[in-house]
Amino acid sequence: MSRTRSTERHDLLVGGERVEPAAGEYAETVDPATGEAFADVAVAGESDVDAAVAAAREAFPAWRDTDPAERGRTLYRVAELIRDNLEDLAELETRDQGKPLSQARSDLSSAARYFEYYAGAADKLEGTSVPVGTGQVDYTVREPYGVSAQIIPWNFPGNLFARGVAPALAAGNTTVVKPAPTTPLSAYRLAELCAQAGVPGPAVNVVSGAGETGAALTNHEGVDTITFTGSVPTGQRVMEAAAGNVTPVTLELGGKNPAIVYPDADVDEAVSWVDTGIFTNAGQICSAADRAIVHEDVYDEFVEKIVDVAESKELGPGHADPDVGPLNSAGHREKVTDYIEVGKAEATLVTGGGTPDREGYFVEPTVFTDVDNGMRIAQEEIFGPVLVVIPYSDDEDPVDIGNDVDYGLVAGVFTDDVRRAHRAAQRLEAGNVYVNKWFGDTNQTPFGGYKKSGIGREKGLAALDSYLQIKNVAVNLESGGGGDLPGA
Ligand code: NAD
Ligand code: MG
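The numbers in the working numbering rise by one with no breaks, and the one at position 154 of the sequence shown is 656.
Written out as structure tokens, the structure reads:
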């Protein structure tokens with residue numbers, strides 16, 4: 503791999519040490535605003551993944567047995583260090599990922615919040631006692647699995663590192679993290695901050711690389727639980743790999759999320775939330791508001807206003823903190839522009855659709871109208887700044903249209919009618935429902951998908967279930983011999 507143009511080199515983090523990959527392979531990471539490579543990052547092969555898993559396994563018993571209050575205090579210090587280094591982390595993330603600086607700052611403050619939140623949970627992971635009668639005492643304990651593999655995508659790299667690593671560590675697991683090949687840098691920096699805060703070095707390992715590195719990790723018999731965020735096809739491969747060792751998986755796999763605008767909605771408010779929902783991070787968000795389903799009475803007004811918003815967006819490199827930054831990679835931009843071509847053949851392009859004549863991987867904010875829910879641009883995740891608007895009439899049920907996709911991550915309704923809002927919330931097939939807002943979830947609220955959007959929950963106390971297994975202990979209080987049959 504070419505190292506001549508790059509200025510920095512990043513080695514693997516295994517067992518608390520930065521080490522060269524066994525095969526000596528490095529890959530460039532580029533600044534998506536310019537397309538220029540600025541760092542060489544180690545590509546971990548099978549033996550490197552072996553070493554990282556072995557280090558995490560060895561570190562597990564001591565971390566598991568650390569006083570939970572001390573584990574919590576240590577994680578709290580990680581949160582403080584992330585805050586102390588917020589500006590540097592945000593700049594690093596912007597350069598590697600492309601997003602506007604204020605969005606990177608928000609991602610990393612939220613990363614600090616994950617460590618703070620799960621720090622507080624570390625000494626509250628209580629079991630239950632089960633009333634089975636006077637002859638026996640029965641209780642449950644919640645125990646960590648062991649080594650948690652974390653496979654991270656490129657859209658919220660530092661934030662999703664924290665979303666997985668913080669609850670994994672709070673529960674007493676150790677971790678091996680595989681960041682995405684185009685955005686590996688924040689994972690290394692955050693892992694160093696974990697060590698600086700006092701997390702034992704071998705408890706947080708980072709093995710950068712692409713799909714082969716991820717596969718080496720998810721196929722590894724030394725991994726005890728897998729957390730994956732990314733696309734459906736890769737998630738399916740991860741699940742197949744996990745089946746080999748009967749390893750539990752938590753999968754967060756994207757969405758095609760309906761934003762239903764009822765005729766009584768405040769249209770300006772709905773437009774403002776859909777704007778945030780689709781154009782933040784250039785639409786590269788699993789919970790993007792990418793499918794607006796709008797009643798015909800307010801359809802023209804909604805379209806006119808969202809088009810105005812789209813046309814007012816300032817595009818630019820993330821460090822200049824524009825409204826919309828570049829997409830993360832050349833390959834991903836091609837995927838998005840291919841979908842725009844599909845959309846032009848299926849529906850009406852009212853604004854955007856082009857790629858500005860400048861360096862970097864930019865795509866104009868794009869709106870398609872006259873979209874039918876059966877079209878490909880309404881069914882498939884585009885993962886770019888592309889909104890599809892679907893009109894509906896009184897003869898149609900917008901919740902049925904909203905549910906008519908394979909995904910079920912998030913859904914939103916805009917209405918001033920409280921009964922209508924709650925009825926829709928009951929029927930929407932999604933792990934998260936927003937009423938008169940978008941991105942309503944916080945670090946404290948459970949997040950995850952129905953249908954093909956995934957398995958299990960991230961965030962909130964619910965995430966701890968991915969990192970803890972239940973052991974039941976039955977103690978006989980009576981003397982004398984056996985007699986109970988299994989199942990009695
Ligand atoms: P991907 O699913 O291929 O990659 C996600 C992560 O999995 C990366 O770290 C990748 O290196 C790793 N990986 C790839 N192959 C693997 C394998 N066989 N075993 C284990 N790990 C493997 O996603 P992508 O190619 O980076 O992006 C493609 C699409 O994924 C996007 O267009 C979008 O639809 C979706 N996506 C969803 C989210 C989300 O938040 N749900 C995030 C990013 C991407
Ligand atoms: Mg990059």
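By construction, the Cβ of each residue, glycine as well, lies at the ideal position given by its N, Cα and C atoms.
Query                                                                                                                                                                                     : Result
Checking the sheet assignment: what are the DSSP bridge partners for H834?                                                                                                                : DSSP lists no partner for H834.
Quick one: what does DSSP say Y909 is sitting in, helix, strand or coil?                                                                                                                  : coil
Would you identify the three-state DSSP class for V975, choosing helix, strand or coil?                                                                                                   : strand
Just to check my reading of the structure: A670 and S650 have Cβ atoms closer than 8 Å, yes? What is that Cβ distance to the nearest angstrom?                                            : 4 Å
Between R505 and the rest of its own chain, which residues show a CB-CB distance below 6 Å, the 5 nearest in sequence each way excluded?                                                  : Confidence at R505 is low in this model, with a pLDDT of 42, below 50, so the placement of that residue is unreliable and no value is reported for it.
When DSSP builds the beta bridges, which residues end up paired with R511?                                                                                                                : D542
Going along the chain, which residues of its own chain have a beta-carbon closer than 6 Å to the beta-carbon of T727, five neighbours each way excluded?                                  : Y647, S650 and P750
Counting only the same chain and skipping the five closest in sequence on each side, list residues whose C-beta sits under 7 Å from that of G856.                                         : E866
Can you confirm whether the segment 573-584 touches the segment 636-645 when touching is taken to mean that 3 or more C-beta pairs between the two stretches lie within less than 8 Å?    : no
Using the Cα positions of W775 and V555, report the straight-line distance between them to the nearest angstrom.                                                                          : 43 Å
Would the beta-carbon of P948 be found less than 7 Å away from any heavy atom of ligand 1?                                                                                                : no
Return the residue from the list G951, A744 and K815 that minimises the CA-CA distance to A932.                                                                                           : G951
With DSSP collapsed to three states, give me the class of I654.                                                                                                                           : coil
How many Å lie between Y894 and R573 at the Cα?                                                                                                                                           : 53 Å
With P704 and A849 assumed to form a contact (beta carbons below 8 Å), what rounded beta-carbon distance in angstroms separates them?                                                     : So it is not a contact: roughly 53 Å between Cβ atoms.
Where does D533 fall in DSSP's three states?                                                                                                                                              : strand
Alpha carbon to alpha carbon, what distance is there between G635 and Y909?                                                                                                               : 46 Å
Within the same chain, show all residues whose beta-carbon is closer than 8 Å to that of L808, passing over the 5 residues directly before and after it, in chain order.                  : The residue you asked about is not Leu; residue 808 is Ile in the sequence shown. V773, V776, D777, A794, V869, L889 and V891.
Could you give the first and the last residue of the continuous alpha helix (DSSP H) run that contains D586?                                                                              : P570 to D586
Measuring alpha carbon to alpha carbon, tell me which of E593, D874, S611 and T676 ends up nearest E898.                                                                                  : D874
Hey, P534 and P828 are a contact pair by Cβ (cut 8 Å); roughly how many whole angstroms apart?                                                                                            : 4 Å
Could you check whether the segment 602-620 touches the segment 658-675, counting it as contact only if at least three pairs of C-beta atoms, one from each stretch, sit closer than 8 Å? : yes
Could you give the uninterrupted runs of the alpha helix (DSSP H) lying entirely in the segment 819-894, keeping only those of 4 residues or more?                                        : 832-848 and 878-881
How is R505 classed by DSSP in three states: helix, strand or coil?                                                                                                                       : Caution is warranted here: a pLDDT of 42 is assigned to R505, below 50, making its placement in the model unreliable, and the coordinate value is therefore given only provisionally. In this structure, R505 counts as coil in the three-state DSSP scheme.
Look up H722 in the DSSP assignment and say whether it is helix, strand or coil.                                                                                                          : coil
If A880 and T853 are in contact, beta carbons under 8 Å, what's the gap, nearest whole angstrom?                                                                                          : 18 Å between Cβ atoms; not a contact.
Take E589 as the anchor and find which of K815, T576 and R691 has the nearest alpha-carbon.                                                                                               : R691
Going by Cα to Cα distance, which pick from P633, S611 and A606 is closest to V977?                                                                                                       : P633
If you drop the 5 nearest sequence neighbours on each side, which residues of the same chain put their C-beta closer than 6 Å to that of A553?                                            : V516
For A794 and chain B, any beta-carbon pair shorter than 8 Å?                                                                                                                              : Absent here is chain B; the protein component of the structure consists of one chain.
What is the DSSP secondary structure of T782, counted as helix, strand or coil?                                                                                                           : helix
Quick one: residues in its chain with C-beta nearer than 7 Å to the C-beta of Y780, no 5 flanking neighbours on either side, listed in chain order?                                       : First, the amino acid is wrong: residue 780 is Ile here, not Tyr. A790, A791, D792, P887 and L889.
Can you tell me whether M503 is buried or exposed? The criterion is at least 16 other CB atoms within 10 Å of its CB, across all chains shown.                                            : Unreliable positioning characterises M503 in this predicted model, as indicated by a pLDDT of 42, which lies under 50. The coordinate reading is nonetheless provided below. M503 should be labelled exposed.
Does the distance between the C-beta of W565 and the nearest non-hydrogen atom of ligand 1 fall short of 7 Å?                                                                             : no
Hey, is D598 close to ligand 2, as in C-beta under 7 Å from one of its heavy atoms?                                                                                                       : yes
Tell me whether P683 sits in a helix, a strand or coil according to DSSP, three-state version.                                                                                            : coil
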